[in-house]
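Enquirer: Under our numbering, the residue at position 190 of the sequence shown is numbered 212, and the numbers go up by one with no gaps.
C-beta atoms are modelled at their ideal positions from N, C-alpha and C, and glycine is treated no differently.
Nothing here was measured: the structure is a model prediction, and the numbers come from that model.
One structure is given below, represented as structure tokens, and several questions about it will come after.
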Amino acid sequence: MFDAKLRPYIDPPLNAAGRILSRMGFSANGVTLLGLGFGLLTAYFVSNQSYGWALAFIALSRIFDGLDGAVARATQKTAFGGYLDIVCDFIFYVSIPLAFGLADPANLLAALVLVAAFTITGISFLAFAVTAAEQGAQTRAHGEKSFFYSTGIAEGAETIGFFLIICLFPAHFITLAYIFAVLCGITVLQRSLLAWKSFKT
């Protein structure tokens, strides 16, 4: 929901930093993997209930997630880079609720529901992107991307905001997880309706 609105503000500093990293010899794929590494460290700290560290590494992982595209734009964009980026994103997304399930057995059911919600939302996102590519649809609302980014109420910015909130208020994880799972369901319905309107012919 907020991703496209934030792009004009975050792209200029990211692009400047991407040019610096590219001159230092960093590759876009290397930056993607660094971001994933920081994301998995976030999950590790969550599983050990070290939520302060988890907050710091969420920020690091998402900064590097933005920088990989900036480095690619400063050097060379590749189809594999786009593939690697989205795979690493979804690994990170599911690792956090799983880590909350490991941190406290009472969280397990809510964590599994949230993983399922993320999975279904991811499937709707990728299915829309594949169909949009087949139809030749294009958009730059989310910046320069390797494939079509469809919108919804629960996108990347909302998911990161949710992760920050549950790390700040871990005692309320169960309630917050169910609320966000509902938002994911609404996002799937939004994309399905948009797909029906866009692709029914």
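What is the DSSP secondary structure of leucine 177, reduced to helix, strand or coil?
Expert: As a first step, residue 177 must be located in the sequence shown, where it is residue number 155. According to the sequence shown, residue 177 is glutamate rather than leucine. Coil.
Enquirer: How is aspartate 107 classed by DSSP in three states: helix, strand or coil?
Expert: Here residue 107 refers to the residue found at position 85 of the sequence shown. In the structure shown, aspartate 107 sits in a helix (DSSP, three-state: H, G or I).
Enquirer: Among the candidates Gln98, Val137, Leu130, Ser72, whose CA atom is the shortest distance from the CA of phenylalanine 48?
Expert: Counting from one through the sequence shown, the residue named residue 48 turns up at place 26. Here the closest residue by C-alpha is Gln98.
Enquirer: Quick check on DSSP: helix, strand or coil for aspartate 126?
Expert: One-based indexing of the sequence shown puts residue 126 at position 104. Three-state result, aspartate 126: coil.
Enquirer: Closest to tyrosine 66 by CA distance: which of Ala199, Leu198, Asp111, Ser117 is it?
Expert: Here residue 66 is taken as the residue at index 44 of the sequence shown, counted from 1. Per the Cα distances, Ser117.
Enquirer: Which of the three DSSP states is assigned to phenylalanine 191 in this structure?
Expert: Counted from its first residue, the sequence shown places residue 191 at position 169. Three-state DSSP puts phenylalanine 191 in coil, outside helix and strand.
Enquirer: Give the DSSP-derived three-state secondary structure of serine 49 in the structure shown.
Expert: Start at 1 with the first residue of the sequence shown, and residue 49 comes out as number 27. Coil.
Enquirer: What is the residue span of the alpha helix (DSSP H) that serine 72 lies within?
Expert: Position 50 of the sequence shown, counted from the start, is the residue given in the question as residue 72. Counting along the chain, serine 72 falls outside any alpha helix (DSSP H), and DSSP gives it neither H nor E.
Enquirer: On the CB-based measure, 16 or more other CB atoms within 10 Å of its CB, does arginine 84 come out buried or exposed?
Expert: The residue labelled residue 84 in the question sits at position 62 within the sequence shown. Looking at its Cβ environment, which holds 16 or more other Cβ atoms inside 10 Å, arginine 84 is buried.
Enquirer: To the nearest angstrom, how far is it from the Cα of lysine 219 to the Cα of aspartate 87?
Expert: On the sequence shown, residue 219 is found 197 positions in, with the first residue counted as 1. On the sequence shown, residue 87 is found 65 positions in, with the first residue counted as 1. Answer to the nearest angstrom: the Cα atoms are 32 angstroms apart.
Enquirer: Taking alanine 176 as the reference, give the member of Gln212, Ala39, Gly74, Ala149 with the closest Cα.
Expert: As a position in the sequence shown, residue 176 is number 154, starting the count at 1. For alanine 176, the nearest C-alpha among the options comes from Gln212.
Enquirer: Specify the secondary structure class of threonine 97 as computed by DSSP and reduced to three states.
Expert: As a first step, residue 97 must be located in the sequence shown, where it is residue number 75. Correct three-state label for threonine 97: coil.
Enquirer: Using 8 angstroms as the Cβ pair cut-off and three pairs as the minimum, do the segment 69–79 and the segment 33–44 touch?
Expert: Cβ pair count under 8 angstroms is below three, so no.
Enquirer: Distance, Cα to Cα, leucine 43 vs lysine 222?
Expert: Sequence index remark: in the sequence shown, residue 43 carries index 21 (1-based). Sequence index remark: in the sequence shown, residue 222 carries index 200 (1-based). Between leucine 43 and lysine 222, the C-alpha separation is close to 44 angstroms.
Enquirer: Could you check which residue in Leu89, Asp126, Leu120 has the C-alpha nearest to that of alanine 138?
Expert: Position 116 of the sequence shown, counted from the first residue, corresponds to residue 138. Selected option, being the one with the closest Cα: Leu120.
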